[in-house]
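So that you can map any letter, position 142 of the sequence shown is 143 in my numbering, and since no number is skipped, the others follow by simple counting. We put the CB at the ideal spot given by N, CA and C, even for glycine.
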Amino acid sequence: MHRICIKDIQKTIPAGEGICSVFLVSSAQKSEGRNGPFWSVKLKDATGVLDAKIWSPLSQSVTDLKAGDFIEVKGRTSLFRDQLQMTVEALRPVENPEHLNMGDFIPTSAVEPAEILEQIETLVSQEITYAPWKDFCRSVLKDSRIRAKLLLAPAAKSVHHAYAGGLLEHMHSVAGLCLKFCDHYPELDRQTLFVAGLFHDIGKLEELSGGLVNDYTDEGKMLGHIVQGILMLRPFLEKAKVDEKLALHLEHLILSHHGEPEYGAPRVPLSPEAFALHYADNLDAKLAQCREAFAQMPAAEEEEDQGIGWSAWIGLLGRSLCKMPQTPKPKEKENAKTKKTPKEKQCSLLGITE
2 MHRICIKDIQ KTIPAGEGIC SVFLVSSAQK SEGRNGPFWS VKLKDATGVL
52 DAKIWSPLSQ SVTDLKAGDF IEVKGRTSLF RDQLQMTVEA LRPVENPEHL
102 NMGDFIPTSA VEPAEILEQI ETLVSQEITY APWKDFCRSV LKDSRIRAKL
152 LLAPAAKSVH HAYAGGLLEH MHSVAGLCLK FCDHYPELDR QTLFVAGLFH
202 DIGKLEELSG GLVNDYTDEG KMLGHIVQGI LMLRPFLEKA KVDEKLALHL
252 EHLILSHHGE PEYGAPRVPL SPEAFALHYA DNLDAKLAQC REAFAQMPAA
302 EEEEDQGIGW SAWIGLLGRS LCKMPQTPKP KEKENAKTKK TPKEKQCSLL
352 GITE
């Protein structure tokens, strides 16, 4: 079945050119306009998301369209408020979606999730000396239900690390940042902060469905991942017999890691470790958004001739992101490039060429 990936549509296919491909429906909403009903649809594959509109009269023949559907679409792209958008001219449902390669539609971490989980377990063994904390971490990570979900879980619906394995990637990165903070600020409780960095978002296993649709669950909408994380971890804390005050501190770190109530934090940070976790989490999320935005931009043909680039408008950040030229790295000296090995020197002295 014919496939054009969204990344290629965004980067290499001129606006206005006809496109025909298969996509996963990420969301679909029917509305009423001045000229009749229309559909606002988000088309998705492993390389990105593309906004699409189905206008009347075609919209009147589309009676059922929902997230998780696979459809074959024919249409043309155009720019609307500096955003690429497709106008759908024809569509039909894919009759046998089980024959599709799901890897074409579900983005996955660049590093194998099982490998990231192994790296996390190694860090737990290396960094934690307090036996109850070690028992706690190992019991959470080896729980069969949690482990199976971790290997597939995204870290968000769309904001950052929104792909299979993204939650593990975010956990590993934030925990690593927390350790670096502790290297610079040795007064921080290294082990408690490290554990909080690992598990601050564990509630997202229950908040998000993952899979093809990756939408919020009913419990996620009503409780949110912060509260869900506390509820998930309490039985493990009790079983590992973590000191009550350390367990209390961990729960505070999780409750306050969004920083302020307007950003979803039930509590504001009240300890140095809470500030450190909030900034580590925020930094990792923001830089992930930068990477994802820059990945959608055309690549510079010549590394030495990079100009200033601007991403598309990022609604959640309220801005376009600026990709600046990098400071030039020192070039290798010519004699270092052509420096001969001892074997090559000996061969040249003997008049032998290889």
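Exercise for the section: Classify Arg-77 as helix, strand or coil using the three-state DSSP reduction. Expected result: strand
Handout entry: Reduced DSSP category for Trp-56 - H, G, I as helix; E, B as strand; rest coil
Key = coil
Exercise for the section: Tell me whether Phe-81 is buried or exposed, calling it buried when 16 or more other Cβ atoms sit within 10 Å of its Cβ. Expected result: exposed
Problem - Proximity winner among Asn-97, Leu-194, Pro-236, relative to Ile-247 (alpha-carbon distances) - result: Correcting the residue identity first, residue 247 is Leu in this sequence and not Ile. Closest option to Leu-247, Cα to Cα, is Leu-194.
Problem - Integer Cβ distance of Asp-285 from Val-175, believed to fall under 8 Å - result: 5 Å
Practice task
Name the residue from Pro-108, Ile-10, Leu-254 whose alpha carbon lies nearest to the alpha carbon of Asp-190.
Solution key: Leu-254
Exercise for the section: Could you pull the start and end residues of the beta strand (DSSP E) that Lys-31 belongs to? Expected result: 19-34
Practice task
Leaving out five residues on either side along the sequence, give the residues of the same chain with a beta carbon under 7 Å from the beta carbon of Arg-320.
Solution key: none
Handout entry: Cα-Cα separation between Trp-134 and Thr-123, rounded to whole angstroms
Key = 14 Å
Exercise for the section: Note down the Cα distance separating Val-42 from Trp-314, rounded to an integer number of angstroms. Expected result: 19 Å
Exercise for the section: Note down the Cα distance separating His-259 from Gly-230, rounded to an integer number of angstroms. Expected result: 13 Å
Exercise for the section: With a floor of 4 residues, list each alpha helix (DSSP H) that falls wholly inside the segment 109-135, ordered by position along the chain. Expected result: 114-128
Exercise for the section: Determine, using beta carbons only, whether Glu-170 and Ser-110 come nearer to each other than 8 Å. Expected result: yes
Problem - Glu-90 and Lys-67 closer than 8 Å at C-beta - result: no
Exercise for the section: Determine the direct distance from the alpha carbon of Gly-204 to that of Lys-150, and round the result to whole angstroms. Expected result: 11 Å
Exercise for the section: Measure from the alpha carbon of Lys-143 to the alpha carbon of each residue in Leu-118, Pro-94, Gly-166, then state which is nearest. Expected result: Leu-118
Exercise for the section: Please work out which residues of its chain come closer than 7 Å, Cβ to Cβ, to Val-63, disregarding the five sequence neighbours upstream and downstream, and give them in chain order. Expected result: Trp-40, Ile-55
Practice task
Inspect the beta-carbon positions of Val-243 and Ser-257 and report whether they are closer than 8 Å.
Solution key: no
Exercise for the section: Taking only the alpha-carbon atoms, compute the straight-line gap between Phe-295 and Tyr-131 and give it to the nearest angstrom. Expected result: 41 Å
Handout entry: Within 8 Å, strictly: CB atoms of Leu-25 and Lys-12
Key = no
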